[in-house]
Each structure stands twice: as C-alpha cells, then as structure tokens.
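In the working numbering, the protein residues as written are 364 to 677. We put the beta carbon where it would ideally sit given N, CA and C, even for glycine. Everything below concerns the one structure shown next.
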C-alpha cells in the first residue's frame, strides 16, 4: 500500500491543518495543528504514521531537517491513550539515526513525530498551563505552574516535580474574555519538601535514568551524580544557578491567559472540563507551546483532574 509522503507542519495549508486537528488517532499531532493554526509558536514537525516505509521515513526526515537547516531531529511518539509504560520521547538524534529509532515505534502501531531539535538542559523557563471548569457555562480556574532554568516540561508532566511557583485565577468566565488584573492572581511560592536541593536531585535522577540513557550519553550507572557531571562537563550549568522563575512567569502571565482563552475556543470539544498545555522559553529566547491536552479524553476516568491535565509531555 502506498502512503502519502509526510510534510512539515509549517507547510500545511488551512484545510490540511483543519483535517489534522480533527484526526483523533494522533492527539499530539492534532493539537500541534490547532496551536499552529491559531498562530501560536510551535516546533516545525512531521508526522510518520504506522506503515511508512524506511525510504519514506528517511525522506521525511531529510526534508524536515533541510527546512530547519539542522542535522538533528527530535523524536516523539503519538497515538491513543498513553499508559504507564510507553516511549518517553523528546530526545534529539542525528538525522542518519532517525529511521532506526522510529521503526520500533511504528512497528508497535504508534505514530512518530519528528520535530525541530531543542536543548532540554538549557531552558530558561518552563510553565505548565491548566484551564479548568466544572462544566460549560460555569466559572472555573486558570493555573500556571513554573520551573526555572535547567528544567523542562517533562519535569512537571512526567517527573511530577513540584513547581517553584504557582499562580492562579479563580472565578474565570471561560465564555467572555476579560484581561485579569494584577490583584486577581493568587501566587504561591515553592512548597517542595526538601526545597530546591531535593527538586534538583529528582531532576538529575530522571535525566540519568531516562533522558541521558535513551540518548546513550551516559556510561556506567545512571545516577544523579553522573548526570550532574555530564551537565557540568558540557557547560550546561543552568540547573545549578539561581532559581527564581516568578518574575519571568508573571511577565508572561497575561499573554498566557489570552492564548489559553483562544485555545479553549479553537479546540474541538465544546464540553471541555480540563485542558492543559505547556510553554517553554529556550536559551535563545525562542518560545514554544507543546501539546494541548484534553484531560477527559487522554487519561482514564479514575485519574485526578490535576493528573489528567498534566499531559503536555515533551
């Protein structure tokens, strides 16, 4: 069977984006299409579907890499409900290795998203964004959870690290936009047991056991100490510097609320109750939104609202 050669997200027209946004087989890709269609910053990316041939995979990777002027691409997986054991993507690999890396995921029936490379060790700011309401027409809440330099989205979504700062708006009318006033924000500081040292160690442990092990960067035991040595040896010192993300997050809070209001209208579920996305500021000052997650559709009904919302995994 012949399949259509994948094309980069940023080259798709309005009708193609609309079709992609409505295709619930690939939820991450669908929400990337929604984000891009409303003009929010997203990584340029390509979707590989199960059944793509090795030649098609290599061609799609080369086309995307040429469009981005890079020799490395990020790999993410997509498709269906993500259970406890699944491929934790977000790492970048040389273009020449993409076909080999993608094949097992495609063979397992999952799609693969190839995206522009990022450096998850040098982020300036990471924000988890949550929109909640009990039901249509009822007031809800808007919540921002922030982490500072050296952390990434997966620390909030998969690693479940406590945020360094939380900001919340209550009694939000999700049917009528109104710019929030400064005194309407409730801001909560760091409540991590053990403080920043404990949070940093959990970050290092996750990097060692997942991120660096998957990429083959670590040799020997995947320990926090080895992960720290690896970061320091490459000059990635962001995690070990001052951690005070509140000013940077609150400077963007109004715009994040405005963008989120737009997303509640753009996504297809009119009866939504819990939506989540994530926002990153990279070291080069670029910004990006990740997936838009509908908590009622992605996770099992037994999951808590907070856990359901935390799905904007990188």
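Item: If I follow the unbroken beta strand (DSSP E) through residue 509, where does it start and stop?; Value: 503-510
Item: Could you tell me whether the Cβ atoms of residue 422 and residue 435 are closer together than 8 angstroms?; Value: no
Item: Beta-carbon separation of residue 486 and residue 599 under 8 angstroms?; Value: no
Item: Assuming residue 562 contacts residue 555 under a Cβ cut-off of 8 angstroms, what Cβ separation, rounded to an integer in Å, is found between them?; Value: 5 angstroms
Item: Using the C-alpha atoms, what's the distance from residue 405 back to residue 656?; Value: 15 angstroms
Item: In terms of residue numbering, what span does the alpha helix (DSSP H) encompassing residue 463 cover?; Value: 461-470
Item: From the DSSP secondary-structure annotation, give me the bridge partner or partners of residue 637.; Value: 495
Item: With a threshold of 16 other CB atoms inside 10 Å of the CB of residue 517, please say whether the residue is buried or exposed.; Value: buried
Item: Which class does residue 337 belong to by DSSP, given the choice of helix, strand or coil?; Value: The requested residue 337 does not occur in the structure, where the chain is confined to residues 364 to 677.
Item: What separation, rounded to the nearest whole angstrom, lies between the Cα atoms of residue 605 and residue 624?; Value: 32 angstroms
Item: Going by DSSP, which residues form a beta bridge with residue 651?; Value: 643
Item: Let's test the definition: count the other Cβ atoms within 10 Å of the Cβ of residue 590 and tell me whether it reaches 16, buried, or not, exposed.; Value: buried
Item: How many angstroms separate the CA atom of residue 671 from the CA atom of residue 370?; Value: At residue 671 the pLDDT is 38, less than 50, meaning the model places this residue with poor confidence; the figure from the coordinates comes in the next sentence. Roughly 31 angstroms separates the two Cα atoms.
Item: With a threshold of 8 angstroms, are at least 3 pairs of Cβ atoms found where one atom belongs to the segment 540-559 and the other to the segment 575-585?; Value: no
Item: Starting from residue 378 and walking both ways along the alpha helix (DSSP H), at which residues does that stretch end?; Value: 377-385
Item: Taking the alpha-carbon of residue 545 as reference, which of 568, 615, 483 and 477 has the nearest alpha-carbon?; Value: 615
Item: Mapping the DSSP letters down to three states, classify residue 581 as helix, strand or coil.; Value: coil
Item: Please report the residue range of the beta strand (DSSP E) in which residue 478 lies.; Value: 474-478
Item: Could you pull out every unbroken alpha helix (DSSP H) segment of at least 4 residues lying fully inside the segment 517-561, listed in chain order?; Value: none
Item: Between which residues of its own chain and residue 492 is the CB-CB distance below 7 angstroms, once the five residues before and five after are set aside?; Value: 507, 619, 623, 639, 640, 641 and 642
Item: To the nearest angstrom, report how far apart residue 399 and residue 628 are at their CA atoms.; Value: 14 angstroms
Item: Applying the 10 Å Cβ sphere with the 16-neighbour rule, what's the burial state of residue 630?; Value: buried
Item: Counting pairs of Cβ atoms below 8 angstroms between the segment 497-507 and the segment 529-537, do you hit three or more?; Value: yes
Item: Do you know how far the Cα of residue 610 is from the Cα of residue 472?; Value: 43 angstroms
Item: Return yes when the Cβ of residue 477 is within less than 8 angstroms of the Cβ of residue 437, no when it is not.; Value: yes
Item: Work out the CA separation of residue 543 and residue 613 for me, nearest whole Å.; Value: 12 angstroms
Item: For a test of the three-state rule: what should DSSP assign to residue 447, helix, strand or coil?; Value: Since pLDDT at residue 447 reaches only 49, below the 50 mark, its modelled position is unreliable, and the value read off the structure follows with that caveat. It is coil, neither helix nor strand.
Item: For residue 482, count the other beta carbons within 10 Å of its own beta carbon; 16 or more makes it buried, fewer makes it exposed. Which is it?; Value: exposed
Item: Would you kindly report the start and end of the unbroken alpha helix (DSSP H) that includes residue 595?; Value: 587-596
Item: Compute the beta-carbon to beta-carbon distance between residue 474 and residue 389, rounded to the nearest angstrom, for a pair I have assumed lies under 8 angstroms.; Value: 5 angstroms
Item: Run through DSSP, which three-state label would residue 431 get?; Value: helix
Item: Tell me the DSSP bridge mates of residue 408?; Value: 478
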